[in-house]
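Chains as they are written, first to last, in numbering that gives the first Met the number 0: chain A, 0 to 332; chain B, 0 to 332; chain C, 0 to 332. Every residue, glycine too, gets a C-beta built ideally from N, C-alpha and C. Comments concern the structure below.
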Amino acid sequence: MQRFLDLADFERAEVKDLLGLASRLQQNPDPHALAGKVLGLLFMNPSLRTLASFQSGMMRLGGSVFVITPGQGTWQLETRNGAVMNGAAAEHIKEAVPVMASYCDALGVRMFAEGKNLQADINETGFKMIADLCDKPLINLESAVNHPCQALADWYTMDELNVPERGKFVISWVNHPRALPLAVPSATVQMAAMRGMDVVVLRPEGYALPDAIMEKARVAARASGGNVTETTDRPAALKGAQVVYAKEWGSPQHYGDAEAETRLREDLVDWCVKDSWFKHTAPDCHLMHCLPVRRNVAVDDEVLDSSRSVVIREAFNRMVVQMAVLHRLLRNK
Amino acid sequence: MQRFLDLADFERAEVKDLLGLASRLQQNPDPHALAGKVLGLLFMNPSLRTLASFQSGMMRLGGSVFVITPGQGTWQLETRNGAVMNGAAAEHIKEAVPVMASYCDALGVRMFAEGKNLQADINETGFKMIADLCDKPLINLESAVNHPCQALADWYTMDELNVPERGKFVISWVNHPRALPLAVPSATVQMAAMRGMDVVVLRPEGYALPDAIMEKARVAARASGGNVTETTDRPAALKGAQVVYAKEWGSPQHYGDAEAETRLREDLVDWCVKDSWFKHTAPDCHLMHCLPVRRNVAVDDEVLDSSRSVVIREAFNRMVVQMAVLHRLLRNK
Amino acid sequence: MQRFLDLADFERAEVKDLLGLASRLQQNPDPHALAGKVLGLLFMNPSLRTLASFQSGMMRLGGSVFVITPGQGTWQLETRNGAVMNGAAAEHIKEAVPVMASYCDALGVRMFAEGKNLQADINETGFKMIADLCDKPLINLESAVNHPCQALADWYTMDELNVPERGKFVISWVNHPRALPLAVPSATVQMAAMRGMDVVVLRPEGYALPDAIMEKARVAARASGGNVTETTDRPAALKGAQVVYAKEWGSPQHYGDAEAETRLREDLVDWCVKDSWFKHTAPDCHLMHCLPVRRNVAVDDEVLDSSRSVVIREAFNRMVVQMAVLHRLLRNK
Chain A
0 MQRFLDLADF ERAEVKDLLG LASRLQQNPD PHALAGKVLG LLFMNPSLRT
50 LASFQSGMMR LGGSVFVITP GQGTWQLETR NGAVMNGAAA EHIKEAVPVM
100 ASYCDALGVR MFAEGKNLQA DINETGFKMI ADLCDKPLIN LESAVNHPCQ
150 ALADWYTMDE LNVPERGKFV ISWVNHPRAL PLAVPSATVQ MAAMRGMDVV
200 VLRPEGYALP DAIMEKARVA ARASGGNVTE TTDRPAALKG AQVVYAKEWG
250 SPQHYGDAEA ETRLREDLVD WCVKDSWFKH TAPDCHLMHC LPVRRNVAVD
300 DEVLDSSRSV VIREAFNRMV VQMAVLHRLL RNK
Chain B
0 MQRFLDLADF ERAEVKDLLG LASRLQQNPD PHALAGKVLG LLFMNPSLRT
50 LASFQSGMMR LGGSVFVITP GQGTWQLETR NGAVMNGAAA EHIKEAVPVM
100 ASYCDALGVR MFAEGKNLQA DINETGFKMI ADLCDKPLIN LESAVNHPCQ
150 ALADWYTMDE LNVPERGKFV ISWVNHPRAL PLAVPSATVQ MAAMRGMDVV
200 VLRPEGYALP DAIMEKARVA ARASGGNVTE TTDRPAALKG AQVVYAKEWG
250 SPQHYGDAEA ETRLREDLVD WCVKDSWFKH TAPDCHLMHC LPVRRNVAVD
300 DEVLDSSRSV VIREAFNRMV VQMAVLHRLL RNK
Chain C
0 MQRFLDLADF ERAEVKDLLG LASRLQQNPD PHALAGKVLG LLFMNPSLRT
50 LASFQSGMMR LGGSVFVITP GQGTWQLETR NGAVMNGAAA EHIKEAVPVM
100 ASYCDALGVR MFAEGKNLQA DINETGFKMI ADLCDKPLIN LESAVNHPCQ
150 ALADWYTMDE LNVPERGKFV ISWVNHPRAL PLAVPSATVQ MAAMRGMDVV
200 VLRPEGYALP DAIMEKARVA ARASGGNVTE TTDRPAALKG AQVVYAKEWG
250 SPQHYGDAEA ETRLREDLVD WCVKDSWFKH TAPDCHLMHC LPVRRNVAVD
300 DEVLDSSRSV VIREAFNRMV VQMAVLHRLL RNK
């Protein structure tokens, strides 16, 4: 493995093999595996889980980590090709990324969607620029429309919880004060489809995921024996669900138009997961969320504080699966 | 030892035992003691000594560290129970703390007083919420009314300097541009009382420490054979003192009322430690301060730059005693 | 070696010896050389290369690192002697530096020029205060008029590229949205002079380097058999050059006068390195720059993206030579 950028880059069997390595490392730690190796982390956007879990995971394998956060002790970075750099950004990623890569054995990069042009974000224009500039093993710490580390952790979590591979997986849009990126919903639908699940995307009008993302997931579902549908009908979607995965995202219809977005979501305050959502799900249906979650806006306290919620376990499993990714990228190299 | 939150949670003999471990580790380093262990540090407020000394100390024991600073590359954190999270904070401590705890073997947390409601701060409302959310060994890096790592370092420093256990210890209020928390004065009075000293709290009218804090220290003094009194009479307080411990704190009478505070301290500019304060102290009387100190506002250059000042030694000893705390919390676990 | 503050503190042979150690460590890593050692880094100003390369280099030698960035999770620091500290800065470097030094085995400090008083900056008033406060091995991570780590890396890079020691080295002023410090041009001229090169400082009227800096370089050139001249004549300067080193700096004539500076550089937009600059240089002439570089303001894309540019190699070599500095300062101590 040279790069970990998108679950879709791997066969289903390869992902399951990686999850197997994660499980073995969890049971039999390999604390000197990456001795002498250095992981660089570049955060163009904020982080808690990714920042802490990659550091802890790398150190638990005997390796070391440095973190660069532009604008926080480091220059702001320019990303536009051909820019005349007389503004706030003192350095271009064309220098910053190869330089950072030269100091480390693997580089992790977080670069959220720009949120202006939907097609550019679906094409991963920004992250691809960075990927092209990096000649070391590269890890996607969340790009415009992907978050493979989160997706891998969620797959691992469902395996741990014995959620059937053919189980019903409902990813539901939930509310948020502003439009969030498509990275986690896209990666989650892809992951659940690859796992072979009966995936339902539940969302209000205006929040259908882009065709390119849905079609990519359907391709994965056809290969795995799974299924991907979408609906605005909450009762039908939730019926018999084994998992409700709550997630906030911005309207693709009003991409980059904050004002139109705000008007649209004003009437959607009941898209906050409550106990009542689980009336007709499977009795042991789990509530999943990638965190951070806005309590009582996206998911009610009564659900997050109940035994249905497995959000802390998902977050812990970020470290578990990322250790497998690091091991695979760096061991014996 | 499972937690290090308050010197008052320990018997005097237990504290002395911990100081003995610190001394042994200082003379005979144990550089592989915590190999493979990870310390997480959560800073809700700024730090220099705590941030640097915990990292250095943990690494000197062979362990690793990650740091999370909400608002500095990490989401701002919500602390209110039941909050409808549609404001600036993207994540609640109910998720952030268990997640961070799941990545580390011990967690250190700094959370200053809110400074609005005196009783809530005396009750450690905020820090207790965090403590209840953490299932790993926990270290108090300064809470609303406590700073046990500072207190332990100060005790160690006095032992090093052969300050008699029955010696006269004067903690004096000093000026500052604004009201500071009660954490260090509270922890210091408690420490000196537990050490068995003749403790005098010297402060102007309006700055008496809250009854709950004074009474807690008096209980410790009764057990140790020490004594705790308070006064506004500077000459009487300083007479024969072996230690003058300068510290800034806000008026408990005007808690949360910055305007009234400002008026009160306008007339208190002479509460800045000068050479003349040592005219009637013991000749080798030491000046102690937890740092950071505002020169020529709280303590004059002439004192800080003299041999009386042991503030750098106190700061160095933060690392020394914290290595003992980490060793006790994590060794063979 | 006790300190690494200025190339001029060393004999030419000592620098070459240090470069030899860097080369040996690059070929034969010594991954446990600094086990148990702790490097402290104090950044009063932003950084990317220095921050990442010192961490990575120290960790690759088996050591550990902590970073303190005042104003970013740590108090702002006061530097003025005798200040009455009732402003924004909560701590004085008189405490902060000895405290940090007490936690580490070597301390690196970055403190840019204040940019108000030219003579004070040439005298390194600020950095010297810090140096006087530090009793541990000290590394200059860029001071008012010096950047010895960059200079050492650039020397190493020219050796790697087989640039003749007697080759023609042109350091050219280039444009920038605002006046930058004299640290890199000063250190670069010094380095090239010590290396024995034919050094030409090419700059527009108003940007002559201060006499003290030119004279210091001339002293080094006399010892090494090199030569240092300055000119405003670009064609003459570039003719036959083996290296064009592009660098931005503020006008010493208008030091601290941002408005006059701005007027002066308005007419200097053609001081941006283009392909055409290399018409009469040596055919394999290299473009060097310390980074960060503002593309299409200081150097055109067409040059930075060509094979002439060795800026990424220079940056990588920061880590290589700094590992030699750390090894020399800390090994067997």
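Residue i, buried or exposed, once every other Cβ within 10 Å from all chains shown has been counted against 16
i              : result
N161 (chain A) : exposed
S250 (chain C) : buried
N145 (chain B) : buried
A257 (chain C) : exposed
M0 (chain B)   : exposed
K215 (chain A) : buried
S306 (chain C) : exposed
D8 (chain C)   : exposed
K135 (chain B) : buried
D266 (chain A) : exposed
E204 (chain A) : exposed
T261 (chain C) : exposed
A12 (chain B)  : exposed
K332 (chain C) : exposed
Start-to-end residues for the alpha helix (DSSP H) that takes in residue i
i              : result
T124 (chain A) : T124 to L132
W154 (chain B) : P147 to E159
E204 (chain A) : Counting along the chain, E204 (chain A) falls outside any alpha helix (DSSP H), and DSSP gives it neither H nor E.
S308 (chain C) : Careful: S308 (chain C) lies outside any alpha helix (DSSP H) and carries neither H nor E.
L237 (chain B) : R233 to L237
L290 (chain C) : No alpha helix (DSSP H) contains L290 (chain C), which DSSP labels as neither H nor E.
S22 (chain B)  : R11 to Q26
Reference residue i, options the options, closest by Cα
i              : options                           : result
F111 (chain A) : A:S63, A:N27, A:G62 and A:V183    : A:V183
A245 (chain A) : A:G255, A:V309, A:D283 and A:Q252 : A:V309
Q75 (chain A)  : A:I92, A:V66 and A:V83            : A:I92
E247 (chain C) : C:L179, C:A222, C:L18 and C:V66   : C:L179
D232 (chain A) : A:A105, A:E214, A:L201 and A:Y254 : A:L201
P282 (chain C) : C:A314, C:K238 and C:L140         : C:K238
C284 (chain A) : A:H175, A:F9, A:V243 and A:E13    : A:V243
L40 (chain A)  : A:N27, A:Q25, A:T68 and A:E123    : A:T68
M84 (chain B)  : A:A297, A:V302, A:E313 and A:N316 : A:A297
P30 (chain C)  : C:M58, C:V319, C:T261 and C:C133  : C:M58
V218 (chain A) : A:L151, A:M196 and A:K115         : A:M196
L117 (chain A) : A:A222, A:D104, A:L181 and A:P163 : A:L181
T187 (chain B) : B:E313, B:S22 and B:R23           : B:E313
R48 (chain C)  : C:N295, C:V199, C:E141 and C:A235 : C:E141
L4 (chain C)   : C:E123, C:P163, C:Y155 and C:V98  : C:E123
Endpoints, beta strand (DSSP E) assigned at residue i
i              : result
V183 (chain C) : Premise fails: V183 (chain C) lies in the alpha helix (DSSP H), A182 to R194, not in any beta strand (DSSP E).
S171 (chain B) : K167 to W172
V302 (chain A) : Taken as a continuous stretch (DSSP letters only), V302 (chain A) belongs to no beta strand (DSSP E), being part of the alpha helix (DSSP H) at D300 to L303.
L137 (chain C) : L137 to N139
E229 (chain B) : N226 to T230
### Query
Is the number of C-beta pairs between the segment 165-172 of chain C and the segment 183-196 of chain C that are closer than 8 Å three or more?
yes
### Task
Report the residue ranges of all alpha helix (DSSP H) runs contained in full by the segment 240-268 of chain B; include only those spanning at least 4 residues, in chain order.
257-265
### Runs of alpha helix (DSSP H) lying entirely within the segment 77-121 of chain C, each at least 4 residues, in chain order
92-102 and 117-121
### At least three beta-carbon pairs within less than 8 Å, the segment 261-275 of chain A to the segment 220-230 of chain A
no
#### Entry: Runs of alpha helix (DSSP H) wholly within the segment 43-69 of chain A (minimum 4 residues, chain order)
48-59
### Query
Are at least three pairs of beta-carbons, each pair with one atom in the segment 147-162 of chain B and one in the segment 206-226 of chain B, less than 8 Å apart?
no
### Message
Closer than 8 Å is the cut-off here; do at least three beta carbon pairs connect the segment 316-328 of chain A with the segment 115-135 of chain B?
### Response
no
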